[in-house]
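Below is one structure, written out as structure tokens; the observations come after it.
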Amino acid sequence: MINFSPIAQQIWDMKYRLKNLDGTKVDQTIEDTWLRVARALTQVEQKSKQEYWTQRFYEAMEDFKFLPAGRILAGAGTDRHITLFNCFVMGTIPDSINGIFEHLREAALTMQQGGGIGYDFSSLRPKGFPVKGVGADASGPLSFMDVWDSMCRTIMSAGYRRGAMMATLRCDHPDIEDFIDAKHQAGRLRMFNLSVLVTDDFMKAVKQNQSWELKFNGITHKILPAKDLWDRIMRSTYAYAEPGVIFIDRINQQNNLYYCEQISSTNPCGEQPLPPYGACLLGSINLAALVKNPFQKNAQLNLEKLAELVTVAIRMMDNVIDISKFPLETQAKEAQAKRRLGLGITGLADAFIMCNVRYGSPNSVELMSNWLQIFQNAAYRASIDLAEEKGSFPLFNADKYCAGQTIKNLDQEIKDLINKKGIRNALVTSIAPTGTISLLANNVSSGLEPVFSFHYKRNILMPDGSRSSEEVYDYAYNLYQQLYGNQSSLPESFVNSQHLSPQDHLIIQATAQKYIDSSISKTINCPENLSFDDFKMVYQEAYDLGCKGCTTYRPNDVTGAVLEIDKDILNQNNGDKNQTELPLEKEIAKSYAQDEFEVSLPFLTKPLDRPEVLPGQTYKLRWPESDHAFYITINDSIENGQRRPFEIFVNSKNMSHHAWIVGLTRMISAIFRRGGDVRFIVEEMRAVFDPNGGAWLGGRYVPSLLAAIADIIEQHMRIIGFWIENMPKKQASDSKKTQSSLCPRCGEGHLIHQEGCTVCTSCGYSKCN
Numbered sequence: 002m003i004n005f006s007p008i009a010q011q012i013w014d015m016k017y018r019l020k021n022l023d024g025t026k027v028d029q030t031i032e033d034t035w036l037r038v039a040r041a042l043t044q045v046e047q048k049s050k051q052e053y054w055t056q057r058f059y060e061a062m063e064d065f066k067f068l069p070a071g072r073i074l075a076g077a078g079t080d081r082h083i084t085l086f087n088c089f090v091m092g093t094i095p096d097s098i099n100g101i102f103e104h105l106r107e108a109a110l111t112m113q114q115g116g117g118i119g120y121d122f123s124s125l126r127p128k129g130f131p132v133k134g135v136g137a138d139a140s141g142p143l144s145f146m147d148v149w150d151s152m153c154r155t156i157m158s159a160g161y162r163r164g165a166m167m168a169t170l171r172c173d174h175p176d177i178e179d180f181i182d183a184k185h186q187a188g189r190l191r192m193f194n195l196s197v198l199v200t201d202d203f204m205k206a207v208k209q210n211q212s213w214e215l216k217f218n219g220i221t222h223k224i225l226p227a228k229d230l231w232d233r234i235m236r237s238t239y240a241y242a243e244p245g246v247i248f249i250d251r252i253n254q255q256n257n258l259y260y261c262e263q264i265s266s267t268n269p270c271g272e273q274p275l276p277p278y279g280a281c282l283l284g285s286i287n288l289a290a291l292v293k294n295p296f297q298k299n300a301q302l303n304l305e306k307l308a309e310l311v312t313v314a315i316r317m318m319d320n321v322i323d324i325s326k327f328p329l330e331t332q333a334k335e336a337q338a339k340r341r342l343g344l345g346i347t348g349l350a351d352a353f354i355m356c357n358v359r360y361g362s363p364n365s366v367e368l369m370s371n372w373l374q375i376f377q378n379a380a381y382r383a384s385i386d387l388a389e390e391k392g393s394f395p396l397f398n399a400d401k402y403c404a405g406q407t408i409k410n411l412d413q414e415i416k417d418l419i420n421k422k423g424i425r426n427a428l429v430t431s432i433a434p435t436g437t438i439s440l441l442a443n444n445v446s447s448g449l450e451p452v453f454s455f456h457y458k459r460n461i462l463m464p465d466g467s468r469s470s471e472e473v474y475d476y477a478y479n480l481y482q483q484l485y486g487n488q489s490s491l492p493e494s495f496v497n498s499q500h501l502s503p504q505d506h507l508i509i510q511a512t513a514q515k516y517i518d519s520s521i522s523k524t525i526n527c528p529e530n531l532s533f534d535d536f537k538m539v540y541q542e543a544y545d546l547g548c549k550g551c552t553t554y555r556p557n558d559v560t561g562a563v564l565e566i567d568k569d570i571l572n573q574n575n576g577d578k579n580q581t582e583l584p585l586e587k588e589i590a591k592s593y594a595q596d597e598f599e600v601s602l603p604f605l606t607k608p609l610d611r612p613e614v615l616p617g618q619t620y621k622l623r624w625p626e627s628d629h630a631f632y633i634t635i636n637d638s639i640e641n642g643q644r645r646p647f648e649i650f651v652n653s654k655n656m657s658h659h660a661w662i663v664g665l666t667r668m669i670s671a672i673f674r675r676g677g678d679v680r681f682i683v684e685e686m687r688a689v690f691d692p693n694g695g696a697w698l699g700g701r702y703v704p705s706l707l708a709a710i711a712d713i714i715e716q717h718m719r720i721i722g723f724w725i726e727n728m729p730k731k732q733a734s735d736s737k738k739t740q741s742s743l744c745p746r747c748g749e750g751h752l753i754h755q756e757g758c759t760v761c762t763s764c765g766y767s768k769c770n
């Protein structure tokens, strides 16, 4: 039996272990899980061969060498009505009210089965554009994105898997400036990742300092300098980490299926650019599990084993297409017509360390190029062999397919084989986020990312409901300690994300993209003190180096920073004076009146006593479904010269909501009196979706009366200077945590940013950014 670390055991038990509805455990061991998946994937093989392929598939997964995506591990062989595909890009949204809400229904059905979704909203007319026949002006794509955002919150609140959505808008859409600034408004579009579809013409216009037209249906709405729009994108990303940038022309030019589809969006994490109703099927080869003689001078990757694993993995993933269920019939037809796969890698950084190579160095680039060329050739050969056995994908056209840019760059032998035998899968490779399955594999480094930390603590939920704090070690670090004992210093190859420059990240992403026919999920971590001009150069370099998109993360006052890490371990790594210290985010504070005071948000074990007199303010709220207004009064206490919410009352002549409003306000007041950062109340209330419908207030869709009250609470917090994210830097004494960056699930300050996601290393919470 495999030797599980406590965190791997927890991940398996919570996410991938098959259990009956009553909690009875069906999978007794991880080996049972591998066998269940292997048997499920062989059902489409010839009966005489099923036993043989079950053994081959099991051996591929054994010891975590091949890691199918989490949906496959959790769902294959369970007879549950769920999809084994991770994410989808939905259909093109028609510019009509009926079409818009039909697509909202499709999105809800897809998310209900657990699929993340991507949408391009460029097809919707801009705000203020006339709507013929009804004598009104269009509300614009962002207003409908608000509706999608509320739908996603509702799906989550109904107990389904957390939602994830990608929204894209073209760089020439008239509402692009509002799209860029959308997330500057607190709480808005939090279920979405936002990315701008950047064209080659736009990048040329930026470089040559030309003007740029914002237009819709051939009508120009505005002309502005391209450089100004680019700077606006960059400044938003510099301060808010969004929107991301997708080089959409490059994606379509380099698409193997350029001749039969047009792409305008990606899945939520960006590694799969997909056509309307396209789906992504993911799996990863664990490179760290293939290193021979780790840490020794002759350490190397077992290249024969790599090619063998890739061959088996392609067959396994191809079989998934035939056994998976789909939320929509259009998605099933799209998948069957093109048989798209996304086989990738994980454990790259650990494999570098075990081969004594520094991440981002010239040696690492050369080594990865060698590995990925073998990986790419093996993947295409396997799909060609499958085509000879089972037939090519239905839309295969040999002449057009082989004329594609990616295919042209393959070895001539591979191209000749495609011409002769065809190919089973239109696209075969992608590098996706692997956070959870990498933890399952005893915490190998995730995807293409460097190691975040070699050692940290994580809270483990125990069988009796208690929590135990467990030490979590990086796979390579743990192996090194086992082989050589607890060393006071580590070899130079042991670098983590805090010791790498943006260029180190970028060269790895750009090099990998040469051997990947789809795309890559990668976060380029930038130091907090990186200048804006240098930050912009990261995106320009990403474009010049041939990347298909770029996502960065820079610690800042709005999005927070990496907060806690074992500094002994950090300082143990290469005591090089040229290496930068891990930035700790400062606590910040600012009132709208620009008052300067020390910020303190203590959490009180005993509620505050109520003074005789409290300052406060009353707000009037008109809700369209009510004949009478609601009056929301929020009173404040003053602690160390700072006002903070203390209690809330809601009054109205409308008595239909009286009971739940009284209960709600008492509960909120009780939370206020406990102290600490209580802004989470706003997010929780905004997540409530009224099944009878919300209302349009101030040009924005509000999903429920509770959400409208939440808006007023936030407004009040901002007025009194309690909404911390907009306050200037002020160093908090003896503090290593910032209230604005605590994990929303466990409250710990252990959030990290990688692969386009925010991940808590303490409790496992994750959310696509």
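Residue numbering for the sequence shown follows the numbering used here, beginning at 2 and increasing consecutively.
We put the CB at the ideal spot given by N, CA and C, even for glycine.
Contact under 7 Å by Cβ, residue i with residue j
i, j, result
"Gln273", "Gly361", "no"
"Glu287", "Gly348", "Just to set this straight, residue 287 is Asn in the shown sequence, not Glu. Taking 7 Å as the Cβ cut-off, Asn287 and Gly348 qualify as a contacting pair."
"Gln514", "Ile508", "no"
"Phe647", "Asp637", "yes"
"Asn426", "Cys403", "no"
"Ala442", "Phe65", "yes"
"Arg251", "Lys523", "no"
"Asp475", "Val452", "yes"
"Ala153", "Gly117", "A small fix is needed here, since residue 153 is Cys in this sequence, not Ala. Their beta carbons are not under 7 Å apart, which means Cys153 does not touch Gly117 by this criterion."
"Gly787", "Val27", "Here the chain comprises residues numbered 2 to 770, so residue 787 is not present and cannot be evaluated."
"Tyr516", "Gln377", "yes"
"His717", "Ile635", "yes"
"Val246", "Val207", "no"
"Asn526", "Ser498", "yes"
"Pro142", "Asp176", "yes"
"Arg674", "Ala711", "no"
"Thr407", "Asp229", "no"
"Ala379", "Val429", "no"
Helix, strand or coil at residue i according to DSSP, with G and I counted as helix
i, result
"Asn4", "coil"
"Cys88", "strand"
"Tyr554", "strand"
"Glu309", "helix"
"Thr435", "coil"
"Trp697", "strand"
"Ser734", "The predicted model places Ser734 with a pLDDT of 33, which falls under 50 and marks its position as unreliable, so this point remains unresolved."
"Pro363", "helix"
"Leu19", "coil"
"Arg459", "strand"
"Cys761", "strand"
"Asp201", "helix"
"Cys281", "strand"
"Leu349", "helix"
"Leu195", "strand"
"Thr25", "coil"
"Ala187", "coil"
"Trp13", "helix"
"Asn497", "strand"
"Gln755", "strand"
Residue i CB to nearest heavy atom of the ligand NAP below 6 Å
i, result
"Met317", "In the structure on display, the ligand NAP does not appear, and there are no ligands present to speak of."
Supposed close pair residue i, residue j - CB separation, criterion 8 Å
i, j, result
"Leu283", "Ala433", "5 Å"
"Thr679", "Ala708", "In the sequence on display, residue 679 carries Val and not Thr. At roughly 17 Å, the Cβ-Cβ gap does not stay under 8 Å, so Val679 and Ala708 are not in contact."
"Pro69", "Val38", "6 Å"
"Leu310", "Ala61", "6 Å"
"Tyr485", "Val473", "Not really, about 20 Å apart at Cβ, beyond 8 Å."
Exercise for the section: Would you mind listing the alpha helix (DSSP H) stretches within the segment 625 to 672 that are 4+ residues and don't spill past its ends, in chain order? Expected result: none
Exercise for the section: Give a yes or no on contact between the segment 119 to 127 and the segment 167 to 185, applying the rule of three or more CB pairs nearer than 8 Å. Expected result: yes
Exercise for the section: Say whether the segment 46 to 63 touches the segment 478 to 485, bearing in mind that this needs 3 or more beta-carbon pairs closer than 8 Å, one atom from each stretch. Expected result: no
Exercise for the section: Could you say if the segment 93 to 113 and the segment 199 to 207 meet the contact criterion of at least three C-beta pairs nearer than 8 Å? Expected result: no
Practice task
Evaluate the contact criterion for the segment 400 to 414 versus the segment 319 to 339: three or more CB pairs, one atom per stretch, below 8 Å.
Solution key: no
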